[in-house]
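Residue numbers (this note's numbering): 357 to 443. C-beta: ideal position from N, C-alpha, C; glycine also. Remember, it's a predicted structure, so these values are computed and weren't measured experimentally. One structure below.
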């Protein structure tokens, strides 16, 4: 994992692209807002093609992750996440 270089005002200076995975659960708006507050290029992704352009990926958590895992599998995002982790 790379180091985020910060500049004045805690802005991320290296143009990191963050993908927030939308699997139908979690508070995406708050996650995106937090990332954007640090100057990141943050996008909500729902399909495989969007994974390729991301430097970092955020999988928003939920209280019952069993349900979340089911949703990830339904959307075929589980394998994509595993593949990205291996890179």
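query = Under the three-state reduction of DSSP, which class applies to residue 504: helix, strand or coil?
reply = There is no way to answer for residue 504, as the model of the chain reaches only from 357 to 443.
inquiry  = Within 8 Å, do at least three Cβ pairs link the stretch 405-420 to the stretch 378-394?
reply    = yes
ask   = Rounded to whole angstroms, how far is the Cβ of residue 411 from the Cβ of residue 373, which I believe are closer than 8 Å?
value = By one-based count along the chain shown, residue 411 stands at place 55. By one-based count along the chain shown, residue 373 stands at place 17. About 5 Å separates the two Cβ atoms, so the contact holds.
message = Only counting the same chain, and skipping five residues up and downstream in sequence, which positions put a Cβ closer than 6 Å to that of residue 415?
response = Here the question's residue 415 lines up with position 59 in the chain shown. Only 377 meet the Cβ criterion.
ask   = When we look at the beta-carbon of residue 409 and count the other beta-carbons within 10 Å, is it buried (16 or more) or exposed?
value = Looking up residue 409 in the chain shown gives position 53. Burial call: exposed.
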